[in-house]
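These notes concern the structure reproduced below.
Number of protein chains: 2
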Amino acid sequence: MTHVSIIGRGTMAQVISGLVEKSGSTVEVFGSADSGKPVTGDIVVLAVPYPAVAGVLAQRAAQFDGKVVIDITNPLNFETFAELTVPSDSSATAEIAAALPAARVVKAFNTNFAATLASGTVGGTPTTVLIAGDDADAKAAVGTLVTAAGLRAIDAGALARARELEALGFLQITLAAAEKLPWTGGFAVVS
Amino acid sequence: MTHVSIIGRGTMAQVISGLVEKSGSTVEVFGSADSGKPVTGDIVVLAVPYPAVAGVLAQRAAQFDGKVVIDITNPLNFETFAELTVPSDSSATAEIAAALPAARVVKAFNTNFAATLASGTVGGTPTTVLIAGDDADAKAAVGTLVTAAGLRAIDAGALARARELEALGFLQITLAAAEKLPWTGGFAVVS
Numbered sequence: 001m002t003h004v005s006i007i008g009r010g011t012m013a014q015v016i017s018g019l020v021e022k023s024g025s026t027v028e029v030f031g032s033a034d035s036g037k038p039v040t041g042d043i044v045v046l047a048v049p050y051p052a053v054a055g056v057l058a059q060r061a062a063q064f065d066g067k068v069v070i071d072i073t074n075p076l077n078f079e080t081f082a083e084l085t086v087p088s089d090s091s092a093t094a095e096i097a098a099a100l101p102a103a104r105v106v107k108a109f110n111t112n113f114a115a116t117l118a119s120g121t122v123g124g125t126p127t128t129v130l131i132a133g134d135d136a137d138a139k140a141a142v143g144t145l146v147t148a149a150g151l152r153a154i155d156a157g158a159l160a161r162a163r164e165l166e167a168l169g170f171l172q173i174t175l176a177a178a179e180k181l182p183w184t185g186g187f188a189v190v191s
Numbered sequence: 001m002t003h004v005s006i007i008g009r010g011t012m013a014q015v016i017s018g019l020v021e022k023s024g025s026t027v028e029v030f031g032s033a034d035s036g037k038p039v040t041g042d043i044v045v046l047a048v049p050y051p052a053v054a055g056v057l058a059q060r061a062a063q064f065d066g067k068v069v070i071d072i073t074n075p076l077n078f079e080t081f082a083e084l085t086v087p088s089d090s091s092a093t094a095e096i097a098a099a100l101p102a103a104r105v106v107k108a109f110n111t112n113f114a115a116t117l118a119s120g121t122v123g124g125t126p127t128t129v130l131i132a133g134d135d136a137d138a139k140a141a142v143g144t145l146v147t148a149a150g151l152r153a154i155d156a157g158a159l160a161r162a163r164e165l166e167a168l169g170f171l172q173i174t175l176a177a178a179e180k181l182p183w184t185g186g187f188a189v190v191s
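Chains A and B, in that order, are what the protein sequence lines are. In terms of full-length UniProt numbering, the first sequence opens at residue 1 and continues consecutively. In terms of full-length UniProt numbering, the second sequence opens at residue 1 and continues consecutively.
As C-alpha cells, this is what we get:
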C-alpha cells in the first residue's frame, strides 16, 4: 500500500486527498502550520500554487530524496492571465526537478479541474490524468494510484512534455476564467 | 456568402473543404499544380504542412493582403515527435503573421483531428474548433463559418495563444502516434 503526503490544504489538495483515500492508500496532509513535521509518504504531492513551491523546497527538499514528487502546478501569471511565469523553453516541473535531483519528479493533475477529479467525469467522458516524467516507475506508481481511485491515466511522455501539459492547463484556465468553459468541464480526453 | 480558398490537397484540406460546402459558402482548392492561379477567397486556409508554408508565402504573400488567413499547422519535428520546430517563445502562427503584415492571420483547426471535423463529434462531445488571433472580425468570420458547418467554435484569445494551441496539437499528435489516443478521439472540449 502506498502512503501519500500532500503539501497544501487548498481545493486541489482536498480533492487529491479524497482520491488517495478512494484508491485504498493512506494519506497525510500538510498545511503551513506543519512546517516542523517531516513528510513520510512514498509519494509527495506538491499541491500548493507555483509561487509557494520555492518555500516548500527551501524547507523540505532533503525530505523528498528518493521519493516520487508530483507537481500539479499551473505557473500562470494570475494577474494578467496572459502568460506563464516559467521560461518558455522550460516548465514548472523542469524547474522543480532541477531543484530536486535526488527525487523522481512527475507532472500530473494540472490538466484536470478539481470538480472533474471529484466527479470522475468531464461531460460524460471519464476523467483522465495525464502524467509526464522521465522515471517510468514513478509514472507507473502515479498511474496505479489514479486508476485505483477510479479515474483513467495516460503516460504523456517524458518530463519535457510537462511544457505542453502546462500549456494545456494554461489554456483551459484562461478559457474558464473568461467563462468560455465551465469549471466542471474543459478538455476531456477521448481515448 | 463567404468565398474560401484552400491551399493544399491533403486530408485536412479535403475535410475543411467539405465543411465550407456544408456551411453554404463556396470553396476553391489549390494544389501544387495551381501555382499560377491567384486566390480569390475572402478567407484563405493554409492547409499544407508547416515546412511547405514558406513556399506558399514566397509565391502568394501579396495575394493575401486584406484577407483572413487561417493557419492550421502543427509545426512538429515529425522525425522525432519530440519538439516543435518554431522558437519556444513563438508559434507557427506568429511567424506567419510576421510574414504577412497586411493579412489578418488566425489560428484554427490545429487542435482537431480530421476525423473529428468530418464526424462532428469527439467521443460523443460535439467537435469544437479553437480560434486564436488578434483581429476580432477575422475570428468572428471563422467562427461563423465553423458554426454554419455544424461544429462549435470558441474564441481562444489573442494570437499569442496560438502557442498553447500548438502545444495542445503537439501533445495530441504525439499521444495518437504512440497509440495512446485514437485518431478519431483526442481532446474534446466540454463547454
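No residue lacks a Cβ here, since even glycine has one placed at the ideal position from N, Cα and C.
With respect to the 7 Å criterion, A/Val142 and A/Val189 are not classified as neighbours on the basis of their beta carbons. Annotation for A/Arg104: the continuous beta strand (DSSP E) segment containing it runs Arg104 to Lys107. Look at B/Arg163 here: in three-state DSSP terms it is helix. The C-beta of A/Ile173 comes no closer than 7 Å to any C-beta of chain B. Chain B places a beta carbon closer than 7 Å to that of A/Ile154, counting this residue as a contact. Unbroken alpha helix (DSSP H) runs of no fewer than 4 residues, entirely contained in the segment 8-39 of chain B, are found at 11-23, following chain order. DSSP, read as helix, strand or coil, puts A/Thr127 in coil. Contact with chain A is found for B/Glu164, since one of that chain's Cβ atoms lies less than 7 Å from the residue's Cβ. Chain-order list of chain B residues neighbouring A/Ser88: Pro87, Ser88, Asp89, Ser90 and Arg163, by C-beta distance under 9 Å. In the DSSP annotation of this structure, A/Leu46 is not part of any alpha helix (DSSP H); the continuous beta strand (DSSP E) holding it starts and ends at Ile43 to Leu46. Remark: C-beta atoms of B/Val4 and B/Gly41 approach each other more closely than 7 Å. For A/Thr128 and B/Ser35, the gap between their C-alpha atoms comes out near 45 Å. Membership of A/Ala148 in the alpha helix (DSSP H) is indicated by the continuous run Ala136 to Ala148.
For A/Leu151, no Cβ of chain B is located within less than 7 Å of the residue's own Cβ. C-alpha of A/Val53 to C-alpha of A/Leu46: approximately 7 Å in a straight line. B/Leu175 and B/Leu168 have their C-alpha atoms roughly 11 Å apart. B/Phe78 counts as exposed, since fewer than 16 other beta carbons sit within 10 angstroms of its beta carbon. Not flagged as an interface residue toward chain B: A/Leu84, since no C-beta distance is shorter than 7 Å. Interface with chain B (7 Å Cβ-Cβ cutoff): A/Ser119 is excluded. Per DSSP, the continuous alpha helix (DSSP H) segment holding B/Val56 begins and ends at Tyr50 to Arg60. Listed by position along chain A, the residues whose Cβ is nearer than 9 Å to that of B/Ala188 are Val122, Gly123, Thr125, Phe187, Ala188, Val189 and Val190. Taken through DSSP and simplified to helix, strand or coil, B/Ile72 comes out as coil.
Look at B/Thr2 here: in three-state DSSP terms it is coil, with no helix or strand label.
When C-beta atoms of the segment 119-127 of chain B are compared with those of the segment 78-92 of chain B, fewer than three pairs fall below 8 Å, so the two segments do not count as touching. B/Val56 and B/Ala136 have their alpha carbons spaced roughly 25 Å apart.
The beta-carbon distance between B/Leu171 and A/Glu164, rounded to whole angstroms, is 4 Å. This is short enough to meet the 8 Å contact definition. When C-alpha distances from A/Pro49 are compared across A/Ile96, A/Pro182 and A/Glu179, the shortest belongs to A/Ile96. Residue nearest to B/Pro182 within the set A/Ala61, A/Ile154 and A/Arg161 is A/Ile154 (criterion: CA-CA distance). It is roughly 10 Å from the alpha-carbon of B/Ala115 to the alpha-carbon of B/Gly186. Taking C-beta atoms as the reference points, A/Ala162 and A/Thr73 fail to come closer than 7 Å.
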